Amino acid sequence: MDLIAHFRGARTTLHLESGLTLFSEGEPGDQMYVLLEGTAAVCVAGAVVEVAEPGALLGEMSVVDSSRRSATVITRSKCRVISINKHQFDLLVRESPEFARHVMSVMANRLRRMNEGFAEALSELPDRGKRFLDALGQGRTAG
């Protein structure tokens, strides 16, 4: 789905300066954003895990499950975004199943990338660390 084309005529866009924190990890979130122009860094625990470009969704997880933000987003250039609250999100999902599939696809792709990174990190652990993680997964502690 081409989100830039879909929201091209939106009247309620926000113009953001470079270096602005759109939202921070751990804070409550009730809005998501579509990045229409510019770039933004998506950071987890202080590390950049993604550079968002036009068409990217930002903050969708908090709108979907009402949880705290799992990342911090900082603009890397001047940006233009559209803000979507929970009510607007629900309307978009009802009016456009394609939008709902797009949001799910974005979330699934991010989860796959995180899983790949996690698997890579695990492969670099010494055997003792792997045994400990295996034991945790089975509900006991390693000795």
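Heads up: the sequence shown begins at 3 in my numbering, then just goes up one per residue.
Each residue gets a CB set at the ideal place from its N, CA and C atoms; glycine is no exception.
Since this is a predicted model, take the numbers as computed values, not measurements.
Do the region 72-79 and the region 103-111 touch if we need at least three Cβ pairs shorter than 8 Å?
no
Taking 8 Å as the threshold, find out whether the region 55-68 comes into contact with the region 25-33 through three or more Cβ pairs.
yes
Of all the beta strand (DSSP E) runs that stay within the bounds of the region 44-111, which reach a length of 3 or more residues?
49-54, 74-77, 81-87
Does the distance from the CB of Lys80 to the CB of Gly40 come in under 7 Å?
Contact: yes.
For Ser20, collect the residues of the same chain with a Cβ closer than 7 Å to its Cβ; drop the 5 residues on either side in sequence, then sort them by chain order.
Cβ neighbours of Ser20 within its own chain (closer than 7 Å, five residues either side excluded): Thr77, Arg78, Ser79, Lys80.
Straight-line CA distance for Ala7 to Asp136?
47 Å
On the three-state DSSP scale, how would you describe Leu5?
helix
Could you check the C-alpha separation between Ala42 and Val50 for me, to the nearest Å?
In this model, Ala42 and Val50 are separated by some 10 Å (Cα to Cα).
Could you check the C-alpha separation between Gln90 and Leu127 for me, to the nearest Å?
44 Å
For my contact list, Asp32 and Val65 are in at a C-beta cut-off of 8 Å; report their separation, rounded to the angstrom.
7 Å
Excluding the five sequence neighbours on either side, which residues of its own chain have a C-beta within less than 8 Å of the C-beta of Val44, listed in chain order?
Val50, Val51, Glu52, Val53, Ala54, Leu60, Ala73, Thr74, Val75
Taking the continuous beta strand (DSSP E) assigned at Leu18, which residues delimit it?
15-18
Which value, in whole angstroms, describes the spacing of the CA atoms of Asn117 and Met3?
Their Cα atoms are separated by approximately 24 Å.
Leaving out five residues before and five after His104 in sequence, what residues of the same chain have Cβ atoms less than 6 Å from its Cβ?
Met3
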